[in-house]
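Below: the structure, in structure tokens.
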Amino acid sequence: MQQLKEFFWFCAGVNRSLLNRCPTDASKYTGIGAAVFFTGVLAALSGGYAFHTVFENVWWALAFGLLWGTIIFNLDRFIVSTMRKNKKGFGREFFTASPRILLAIMLAIVISKPLELRVFSKEIDRKLITLEEEIYQKEIIDLERRYTTQLATIDGQIGSLKNEIVAKTEKRDELAKAAQQEADGTGGSGKRNAGPIYQIKKADADQAQKELAELQTTNLPLIADKQQEWDALFAAKQTEITNLKRNPWNGMAAQLQALRILGEENTAIHFANIFIMLLFILLECTPIVAKLISGRGPYDEMLEIREHFYKNHNIEKLAEMDHNTYEKVKGYSTFPGN
Numbered sequence: 030m031q032q033l034k035e036f037f038w039f040c041a042g043v044n045r046s047l048l049n050r051c052p053t054d055a056s057k058y059t060g061i062g063a064a065v066f067f068t069g070v071l072a073a074l075s076g077g078y079a080f081h082t083v084f085e086n087v088w089w090a091l092a093f094g095l096l097w098g099t100i101i102f103n104l105d106r107f108i109v110s111t112m113r114k115n116k117k118g119f120g121r122e123f124f125t126a127s128p129r130i131l132l133a134i135m136l137a138i139v140i141s142k143p144l145e146l147r148v149f150s151k152e153i154d155r156k157l158i159t160l161e162e163e164i165y166q167k168e169i170i171d172l173e174r175r176y177t178t179q180l181a182t183i184d185g186q187i188g189s190l191k192n193e194i195v196a197k198t199e200k201r202d203e204l205a206k207a208a209q210q211e212a213d214g215t216g217g218s219g220k221r222n223a224g225p226i227y228q229i230k231k232a233d234a235d236q237a238q239k240e241l242a243e244l245q246t247t248n249l250p251l252i253a254d255k256q257q258e259w260d261a262l263f264a265a266k267q268t269e270i271t272n273l274k275r276n277p278w279n280g281m282a283a284q285l286q287a288l289r290i291l292g293e294e295n296t297a298i299h300f301a302n303i304f305i306m307l308l309f310i311l312l313e314c315t316p317i318v319a320k321l322i323s324g325r326g327p328y329d330e331m332l333e334i335r336e337h338f339y340k341n342h343n344i345e346k347l348a349e350m351d352h353n354t355y356e357k358v359k360g361y362s363t364f365p366g367n
């Protein structure tokens, strides 16, 4: 137990020789050191899980988790060990410690996120399936939209060429009908004969037939080419849709997005997410808050005396060195021949 207590003293960044002379403060700094240590443990678990989620390698996750936990442990130890209890009151101490508190809050948010993902992993996995399907369908829609424009353009060209033939055919049929009616007396002049009026109408119908044949000779190959182009483009679209893969969407960013959407859809998850983050903020700030609210004890008094002693000792040494230098310079100035 004594070794465990001294380990927690090390975590709190205290001077063990001074703390051994202040047994009344031993429990306080044991608690602060334990808070620092277990915060580092939680950071290691969080970092390891986050790394495993991204790279899916257990050994690298363990190595990164240990490294991340050590970094957070050292930061927390530095924050706690550099705080000093003074006689200026709580407000002054809180103002002095506010940058450290902000740093602790940022660390808590970073630590809490991977563990939040682990807590809601089942809900997130179900949501990721839905989001993955939405992304897949969106990719199909985007692909079809890209081909639809090109296919519609070719359809329009084919339709235009066909409409020219249809219009010319209708014109030919109309002129041929007029000539026929003139010949049998059912239209035109109303006289049944093949006179000059019929000959004129028949010539117009023949000319329309000739123009129709020329137009068909020109347009039908173009229509066939355009139809082949349309078929090839449609086949390419179908091939792309067939080859379109459902890429797994389960990385860290995807899980964070899923958790955010779940929070927006489900009030219980939203508040649970907030409370988990607040819990980690509280855990991360516990060593600092404990040191702030604790009274000034014998250890703080002795630590101030020790630091003040070294400060004054340093001033005395500097003054002594300055005095010795002055005496040497003065001696040199009075030396004969100078």
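Read in order, the letters of the sequence shown are residues 30 to 367 in this note's numbering.
In this text, a Cβ means the ideal position worked out from N, Cα and C, and glycines have one as well.
Pick helix, strand or coil for residue i, following the three-state DSSP scheme.
i	result
Thr246	helix
Arg50	coil
Val43	coil
Gly326	coil
Phe149	coil
Met350	helix
Met30	coil
Out of curiosity, what's the CA-to-CA distance linking residue i and residue j?
i	j	result
Lys346	Tyr355	14 Å
Arg113	Leu332	9 Å
Pro143	Ile290	16 Å
Gln186	Glu152	52 Å
Leu128	Ala137	Per the sequence presented here, residue 128 reads as Pro, with Leu not at that position. If I take the Cα positions, the gap works out to 14 Å.
Ser56	Gln31	12 Å
Gln236	Gly188	24 Å
Met281	Lys340	50 Å
Ile169	Glu163	10 Å
Glu396	Glu85	Since the first residue shown for the chain is 30 and the last is 367, residue 396 is missing from the structure and cannot be characterised.
Asn302	Glu145	7 Å
Val109	Asp54	15 Å
Ser61	Phe300	The amino acid at residue 61 is misidentified as Ser; the sequence shows Ile. Those two C-alpha atoms are separated by around 29 Å.
Leu91	Ala73	8 Å
Phe338	Trp97	37 Å
Leu251	Asn192	13 Å
Lys156	Leu172	24 Å
Tyr58	Gly42	9 Å
Ala348	Phe304	57 Å
Thr247	Gln166	42 Å
Gln245	Leu190	9 Å
Lys357	Asp351	10 Å
Glu330	Ile298	48 Å
Thr159	Phe309	30 Å
Gln228	Asp254	39 Å
Phe107	Phe66	12 Å
Arg147	Gly94	15 Å
Ala205	Gln256	31 Å
Gly292	Asp154	14 Å
Ala196	Glu294	59 Å
Pro327	Asn353	38 Å
Trp89	Ala181	53 Å
Rounded to whole angstroms, how far is the Cβ of residue i from the Cβ of residue j, which I believe are closer than 8 Å?
i	j	result
Leu312	Thr68	6 Å
Lys231	Ala208	4 Å
Ile317	Ala63	Incorrect: roughly 14 Å between the Cβ atoms, too far for contact.
Ile134	Cys314	7 Å
Ile130	Leu71	Going by Cβ atoms, the distance from Ile130 to Leu71 rounds to 18 Å, so no, they are not a contact pair.
Glu258	Ile194	Their Cβ separation, rounded to whole angstroms, is 19 Å, which puts Glu258 and Ile194 out of contact at 8 Å.
Gln284	Thr82	7 Å
Phe149	Leu288	6 Å
- prompt: If you pair each beta-carbon of the region 164-184 with each one of the region 260-271, do three or more pairs fall below 8 Å?
  reply: yes
message: Using a Cβ distance threshold of 8 Å, determine whether the region 70-85 contacts the region 34-52, with at least three qualifying pairs required.
response: no
task: Just list the alpha helix (DSSP H) runs in the region 267-317, keeping only unbroken ones of 4 residues or longer that don't cross its boundaries, in chain order.
output: 281-294
task: Could you tell me whether the region 231-247 touches the region 196-212, where touching means 3 or more Cβ pairs closer than 8 Å?
output: yes
Validate contact between the region 30-37 and the region 319-335 using beta carbons, cut 8 Å, 3 pairs: no
- prompt: Which full runs of the alpha helix (DSSP H) of 4+ residues lie inside the region 75-146, going along the chain?
  reply: 87-110
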